[in-house]
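See below for the structure under consideration.
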Amino acid sequence: MNIINMLKLLFLIVSCSCVFTQDATDVKEKMDVFRLPNNTEPISYTLNIQPFIEPEKNNFTFIGTVLITIRVKITTEELTLNIDGLTINQIKVKDTNSSTDIEVAGKNIVKKNEQLIIQLKTPGFIADRVYEVEIAYSGELRNDMSGFYKSSYTDEKSKKTKWLAVTQFEPTYARRAFPCYDEPAFKTPFSIVVTRLETQISLSNMPIAEQIIQTSPTQPNYVSDKYQTTEPISTYLVAFSVSEFVNATKDQKVYVYTHAEYADQVTYIEEKANKLLELMELYTNIPYMYSKIGLLAIPDFSFGAMENWGLNTYRETYLLVTNKSTEKDKETVTTTVQHELAHQWFGDLVTCSWWNYVWLNEAFATLFEYFAVHVAEPDWRIGDIFVIEQHQAALGYDHRPRHPITATVQGPNEIRNIFDTITYNKGASVLRMLKHALNDEIFRTSLTLYLNTYKYKAAEPKNLWNSFDSVIFDANYKSGIIGNTITVEEYMRSWTDQAGYPVINVDSGNPNYLIVTQKQYQVDVPKYYTTNLWHIGLTYTSKQNQQFNNLQPTVWMNNKETEITIPLVNNGEWVIFNLQSTGFYRVNYDSKNWNLLIFELKTNPKTIHVLNRAQLIDDSFNLARAGELSYSVPFTLVSYLENEDDFIPWYSVKNSMSYVVERLRRCPHTGAQIKDFAKTYAEIAYKKVSDRYEKNDGQHLTKTSMQAFSNWACKLDVESCVKSALNYFNAWDKSGTEIPPDVKEAALCSGVKNGTTETWNKVFELFQKTSSTSEREASLLALACSTDETILSGYLDLFLKTDCPIRPQDYKTVFKSLTSTPIGINVTTNFLQHKINESLSNMWEGEEMIMLIYSYLASSVATTKEINKLNEIRNFTYLSPTLKNSFDDSYKEVELNSAYFERCHPLIHVWFDPPASTTQAPSSAISRSCHYNNVVVLSLLFIITLVNINFLI
């Protein structure tokens, strides 16, 4: 059903209900009508809100009044707004045309749909008239980091707990703070008044226009801060807070707020933020719309950061920097701030019209997160890191097609789930692909046109594509620029409107031309039938004519073609497709070309661009995982890495090998072999990076890579890494010598891993007392490194206490780190087995956290024992339907990973242990440990090869 018909149906349902009885409510709830009817629209809001932060009275509440001026589009007897968790105290309706008060016949809150329905007597709300709807309400400051919620910190001087109230409204939480049209398309001006104690400050989207002091001889003095009226914005971008924070920055456009003890931690970002804001203004050719922008560091924050227009909010770790911060943390702070600043244009100035199109906000912000920082910090090589962190991560996530970039979502749960790797990473990667398919000038000009055309409005993808096609037309391209025949919309919809992505196969067997085919890449075997095809811009080069920097496609495949030929006299030399990984697809070659590329890498790796070296590693491992390529290709290819001095390809190795190592734990023999194989390369990487780090070469990438590869090497028990890490740890433990920030995580982990209960307690004390968010994160991760099950069990038990010393925002970090080791998996599984009910009762957001823990375990378990225990848990008879359904859904990951093991273990085993001659007996060790002998292995290898593998070399 299209949206127009759906809205017509909603209107018929609403208009036929003269009186809302309980039965009518039940019917409406069963229908799950989450969208607001399209019969009215807001013109403006005036919001007055006052929080009460009185810990001595255990009073964390707020009262508010919202005056919504609405225009009626279609006559209706009732007005539907969004609401969740509020108490309605009074409703007044006035017809502004006649200045007449209208009697309210009734109200009904439909909890399931998070809606407030206000009924008027006949004739109701009349079309083409304007009404003022004033609602007085109250609520409690929440403790789940959504809506209008409370947070706290400890004042270092007084040792007292300080409280604050702050908002988080994206995606559907504004309704938890005031009744509203809580959908992004309803963009209206907001006039906000926040009342607070005289000893506090308030912040909101706009600068303060007026302050009114309310004095009392018997009560504390209150101040009402009246803010300037905003431009039209969506409800999810409204923000306000009340706290005792301080402005820690100079008089400039960007202000950073935190509590007084952390004021010295904003120095790093304040200058960068102003520069990054200027870069966005220069690139878009559109000045920032407001006179100021505030960056607010919040102790408890569920997301990384939030782009509220004029008042960006951040988890402290993504805004504050100390001399103990790692180089990677400094990078993350910079890119996160840039992400939110980019949103001031992409998302705030122009907003997605519905959450189906949230990638219009997030993909652009993610792209500029790297693009703008690259301009500001060219030596960081952040553009190359994009290929690892965004492009390759998105390929790895989307290999099991989940949903298109342009998704279809309705209710709040579906909306929350759409904020994922597809929306961010894949969306940004596809936009980068478009940028290279066109050119910088057309890309930039098109975005400026898009922003100017739809500013203060809501937009859909077609609006964006129309801007591109218009610019291309004005640039006098006679027949278009994409594939010569298609529009940008046609090109991009093949990428945004279908899930997954293609793999192109290149056959270089003919000396005069290449044969290129496309099909959907699928990681799981057997493959399911699909007819999905894409418009693909192909870039390629050869050994004979190396052009790695020509990133604009020279050959096109359309979404009706499965095969094309490219004239090329290759003289038996290698070719490479997808230059610098600009296209969102994988590339497979015939055995001849793979061998030529491997030879080139071994003899002269720098001949091939560094991003294509990383691509060859990532593609070969994942093609082997999907049964499209023999594992002999990636296992042989990585042997060139002894000569690889650039760290970028090493990230592809680390990420690719980690999956194989984890999955092969199921077989002790082959698992040990693949772990030793990975360990060999982790040792090489660690030596290369530590040599440069100790020489202090000053390179940003060296410092960030030191953290990444010391963690990898120490996790795999590389002796040189563990020895160095323990030396750092012991010096800190015994004499308080500071550990260099970039090796602190590895050092603390190694110390805990090889230490006692006292060691664990000391690191836990560091976690609790440090004022450095970077050090806090490192110590929190290290706590999961213990090899003592009693310690880890006690660690998990902390989450059942009412005074748990770990903030809920960090729960995910703990659970993910605990489920990353075999011992942690066993302890966490036992915790679920025996303490589900206790967790439901005592753990913060218990049901949600249990589902999260189970999903992490499902992604991590590998051995038969681990899998069986996890399967037992999902079959507990006392599970609620919600838990049961969630566990079953997560368990699919176990089944897919098990299928991978069954399929790929014999292939990898044969590579490590080639079959002996027929006169020799099968390996009894292999037979005992994994239930395979050489005959079985050869049989499986033959069958799998025939069914799933295109070729072996």
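Mind the numbering: the sequence shown is residues -21 to -1, 1 to 932 in mature numbering (1 follows the signal peptide of the UniProt record, and there is no 0), read in order.
Glycine residues also receive a C-beta, built at the ideal position from the N, C-alpha and C atoms.
### Task
Flag this pair as yes or no: are the beta carbons of G103 and T55 separated by less than 8 Å?
Your numbering for residue 103 matches position 124 in the sequence shown. Your numbering for residue 55 matches position 76 in the sequence shown. Contact flag set, yes.
### Query
Are T40 and L120 closer than 8 Å when you measure CB to CB?
In the sequence shown, counting from the first residue as 1, residue 40 sits at position 61. In the sequence shown, counting from the first residue as 1, residue 120 sits at position 141. It is a contact, given that the beta carbons lie within the stated cut-off.
### Message
Measuring only the C-alpha atoms, how far is Q190 from S220?
### Response
Residue mapping note: residue 190 aligns to position 211 of the sequence shown, counting from 1. Residue mapping note: residue 220 aligns to position 241 of the sequence shown, counting from 1. The alpha-carbon atoms of Q190 and S220 are separated by roughly 16 Å.
#### Entry: Host beta strand (DSSP E) of Y833 (start-end)
Position 854 of the sequence shown, counting from 1, holds the residue named residue 833. That residue, Y833, is in no beta strand (DSSP E); its alpha helix (DSSP H) goes G825 to S839.
### Query
From S408, L777, E724 and C783, pick the residue whose C-alpha is nearest to that of C764; which is it?
Working through the sequence shown from its first residue, we reach residue 764 at position 785. Closest by alpha carbon: E724.
### Query
Is the Cβ-Cβ distance between K232 and L328 less than 8 Å?
If you number the sequence shown from 1, residue 232 lands on position 253. If you number the sequence shown from 1, residue 328 lands on position 349. Cβ distance not < 8 Å, so K232 and L328 don't count as in contact.
### Message
Using a Cβ distance threshold of 8 Å, determine whether the stretch 682 to 694 contacts the stretch 714 to 723, with at least three qualifying pairs required.
### Response
yes
### Query
Between K52 and N17, is the Cβ-Cβ spacing less than 8 Å?
For the purposes of this step, residue 52 is taken as the residue at position 73 of the sequence shown. For the purposes of this step, residue 17 is taken as the residue at position 38 of the sequence shown. Their beta carbons are under 8 Å apart, which means K52 touches N17 by this criterion.
### Task
Output the distance between the C-alpha atoms of M830 and N392, rounded to the nearest integer angstrom.
On the sequence shown, position 851 is the one that residue 830 refers to. On the sequence shown, position 413 is the one that residue 392 refers to. Answer to the nearest angstrom: the Cα atoms are 14 Å apart.
### Given P158 as reference, the closest of D486, S609 and T59 once Cα atoms are compared
Within the sequence shown, the letter at position 179 stands for residue 158. Considering only alpha carbons, the answer is T59.
### C-beta atoms of S183 and S281 nearer than 8 Å
Counting from one through the sequence shown, the residue named residue 183 turns up at place 204. Counting from one through the sequence shown, the residue named residue 281 turns up at place 302. Cβ atoms of S183 and S281: not closer than 8 Å.
### Query
Could you check where the alpha helix (DSSP H) with L299 kicks off and where it finishes?
Sequence index remark: in the sequence shown, residue 299 carries index 320 (1-based). Here L299 belongs to no alpha helix (DSSP H), and DSSP marks it neither H nor E.
### Message
Helix, strand or coil, according to DSSP, for M285 in the structure here?
### Response
Residue 285 sits at position 306 when you count from the first residue of the sequence shown. Three-state DSSP puts M285 in a strand.
### Task
Check Y790 in the structure and name its three-state DSSP category.
Within the sequence shown, numbered from 1, the residue matching residue 790 stands at position 811. Three-state DSSP puts Y790 in a helix.
### Message
Quick test of your reading: T301 and S751, contact by CB under 8 Å. State the CB separation rounded to the nearest angstrom.
### Response
Counting from 1 along the sequence shown, the entry for residue 301 is found at position 322. Counting from 1 along the sequence shown, the entry for residue 751 is found at position 772. Yes, they are in contact, since the Cβ atoms of T301 and S751 sit about 4 Å apart, within 8 Å.
### Task
Enumerate in chain order the residues of its own chain whose CB-to-CB distance from Y492 is below 8 Å, with the five nearest sequence positions on each side excluded.
Here the question's residue 492 lines up with position 513 in the sequence shown. Correct list, in chain order: T544, I545, P546 and L547.
### Task
Take S796 and list the residues in its own chain whose beta-carbon comes closer than 7 Å to its own, dropping the five residues that flank it on each side.
Residue numbering aside, residue 796 sits at position 817 when the sequence shown is read from its first letter. Closer than 7 Å at Cβ, skipping near neighbours: L760 and A763.
### Message
Within 8 Å, do at least three Cβ pairs link the stretch 594 to 609 to the stretch 625 to 633?
### Response
yes
#### Entry: Residues of its chain near A252, where Cβ-Cβ distance is below 6 Å and the 5 sequence neighbours each way are ignored
Taking the first residue of the sequence shown as position 1, residue 252 is located at position 273. Around A252: V233 and V316.
### Task
Whole angstroms is fine: what's the gap from E826's alpha carbon to Y857's?
For the purposes of this step, residue 826 is taken as the residue at position 847 of the sequence shown. For the purposes of this step, residue 857 is taken as the residue at position 878 of the sequence shown. Taking the straight line from one Cα to the other gives about 14 Å.
### Query
CB-CB under 6 Å to N287, same chain, minus the five flanking residues each way: which ones, in chain order?
Taking the sequence shown and counting its residues from 1, one reaches residue 287 at position 308. Only L216 and A218 meet the Cβ criterion.
### Message
For G118 and N38, what's the separation of their Cα atoms in angstroms?
### Response
In the sequence shown, the residue the question calls residue 118 occupies position 139. In the sequence shown, the residue the question calls residue 38 occupies position 59. Answer to the nearest angstrom: the Cα atoms are 11 Å apart.
### Query
Which runs of the alpha helix (DSSP H), 4 residues or longer, sit entirely within the stretch 578 to 642?
589 to 604, 611 to 616 and 627 to 642
### Task
With a 10 Å radius around its C-beta and 16 neighbouring C-beta atoms as the bar for buried, classify V109 as buried or exposed.
Along the sequence shown, one-based indexing puts residue 109 at 130. V109 comes out exposed.
### Query
For H238, which of L298, T214 and T194 has the nearest alpha-carbon?
Along the sequence shown, read from residue 1 onward, the residue named residue 238 stands at position 259. Ranking the options by Cα distance to H238, first place goes to L298.
#### Entry: Spatially closest choice to D712 from E744, S684 and M685, by CA coordinates
Walking along the sequence shown from the start, residue 712 turns up at place 733. Here the closest residue by C-alpha is E744.
### Query
Under a three-way DSSP split, which group does K129 fall into?
Position 150 of the sequence shown, counted from the first residue, corresponds to residue 129. If DSSP states are grouped into helix, strand and coil, K129 belongs with the strands.
### Message
Please return the same chain residues whose Cβ sits closer than 7 Å to the Cβ of D448, not counting the five positions on each side in sequence.
### Response
One-based indexing of the sequence shown puts residue 448 at position 469. Answer for D448: T466, V467 and E468, listed in chain order.
### Message
Tell me the residue span of the beta strand (DSSP E) that contains C331.
### Response
Stepping through the sequence shown from its first residue, residue 331 is reached at position 352. It spans V329 to C331 - the beta strand (DSSP E) in which C331 sits, taken as one unbroken run.
### Message
I'd like the span of the beta strand (DSSP E) that includes Y201, first residue to last.
### Response
If you number the sequence shown from 1, residue 201 lands on position 222. Y201 -> beta strand (DSSP E) spans Y201 to Y206.
#### Entry: 7 Å CB neighbourhood of P383 in its chain, flanking five on each side removed
Position 404 of the sequence shown, counting from 1, holds the residue named residue 383. These residues qualify, in order along the chain: T475, D476, Q477 and A478.
### Message
So, with DSSP's three-state summary, where would you put P860?
### Response
Here residue 860 refers to the residue found at position 881 when the sequence shown is read from its first residue. P860 falls in the helix class under three-state DSSP.
### Task
Using 10 angstroms around the beta-carbon of A878, count the other beta-carbons present and answer buried if the total reaches 16, otherwise exposed.
As a position in the sequence shown, residue 878 is number 899, starting the count at 1. Exposed, since its Cβ has fewer than 16 Cβ neighbours within 10 Å.
### Query
How long is the line joining the alpha carbons of K405 and W338, rounded to whole angstroms?
Locating residue 405 in the sequence shown gives position 426, counting from the first residue. Locating residue 338 in the sequence shown gives position 359, counting from the first residue. Distance between the alpha carbons of K405 and W338: 9 Å.
### Query
T400: which of Q371, G289 and L575 sits nearest, CA to CA?
Numbered from its first residue, the sequence shown carries residue 400 at position 421. If we check each option's Cα against that of T400, Q371 comes out closest.
### Segment contact, 8 Å Cβ cut-off, at least three pairs: the stretch 164 to 178 with the stretch 23 to 30
yes
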